[in-house]
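K.L.:
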Amino acid sequence: MLLDDALRALPLVETFGGPLIDVGSGGGSPGIPLAASLPDREVTLLDAEQRKCDFLRRWAPPNGAVVWGRAEEQPTESWGVALAKALAQPPAAAELCLPLVRTGGAAVLWLGERADLLALAAASEQLGGGKPELHDGLAVLPKVAPTPPGFPRRAGMAKKRPLA
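The sequence shown: position 139 = 138 (numbering that gives the first Met the number 0), numbered continuously.
(1) According to the neighbour-count rule (16 or more other Cβ atoms, all chains shown, within 10 Å of its Cβ), is K84 buried or exposed?
(2) Check the C-beta distance from G63 over to A105 and give it rounded, since I have them as a contact under 8 Å.
(3) Using DSSP with H/G/I as helix, E/B as strand and the rest coil, what is L137?
(4) Rounded to the nearest angstrom, what separates F54 and G26 at their Cα positions?
(5) Quick one: Cα of R69 to Cα of V22, how far?
(6) Note the first and the last residue of the continuous beta strand (DSSP E) segment covering V143.
(7) On the DSSP letters alone, give me the boundaries of the beta strand (DSSP E) that A106 sits inside.
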């Protein structure tokens with residue numbers, strides 16, 4: 000079931016070029032299944048906890064690079080697609096993902112049943128993203144413009160004071 004859930008994003012990810020980053024990769028889903036399914040794409044598995052990174056290093060496929068760090072510390076506009084599953088509420092996940100994506104790419108977020116789509120749309124707009132497109136419990140936030148300076152805000156702010 001976990002594998003199927005991760006691979007729901009495969010057709011969406013394939014429509015955008017460039018490397019992928021799984022923000023808050025944790026146990027490796029969706030990053031590892033997507034990396035295995037897309038062996039010609041570079042995939043970064045990002046997590047802020049060293050022990051999770053140690054686990055990810057044991058299971059990452061050859062095209063999967065494990066990075067110990069926070070989204071707020073990563074180079075902006077560097078990836079074609081940013082993924083977030085169970086990272087934070089959608090507006091906060093958008094703030095952690097969209098700045099990492101280059102214009103023309105997208106952030107793909109797994110949504111819960113009670114996701115506030117209006118707040119997500121407002122956050123996306125503030126970050127250079129377009130209107131969220133919904134696909135089978137996933138939100139695709141197309142990156143339509145560069146993210147304004149100052150985003151993402153310093154560590155922890157996206158969750159403490161979400162946009163919108």
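Cβ atoms here follow ideal geometry from the backbone N, Cα and C, with glycine treated the same way.
P.N.:
For this structure:
(1) By the Cβ-count criterion, K84 is buried, with 16 or more other Cβ atoms from all chains shown falling within 10 Å of its own Cβ.
(2) Not really, about 20 Å apart at Cβ, beyond 8 Å.
(3) Correct three-state label for L137: strand.
(4) 8 Å
(5) 8 Å
(6) Neither: V143 is in no beta strand (DSSP E) and is coded neither H nor E.
(7) Per DSSP, the continuous beta strand (DSSP E) segment holding A106 begins and ends at V100 to W109.
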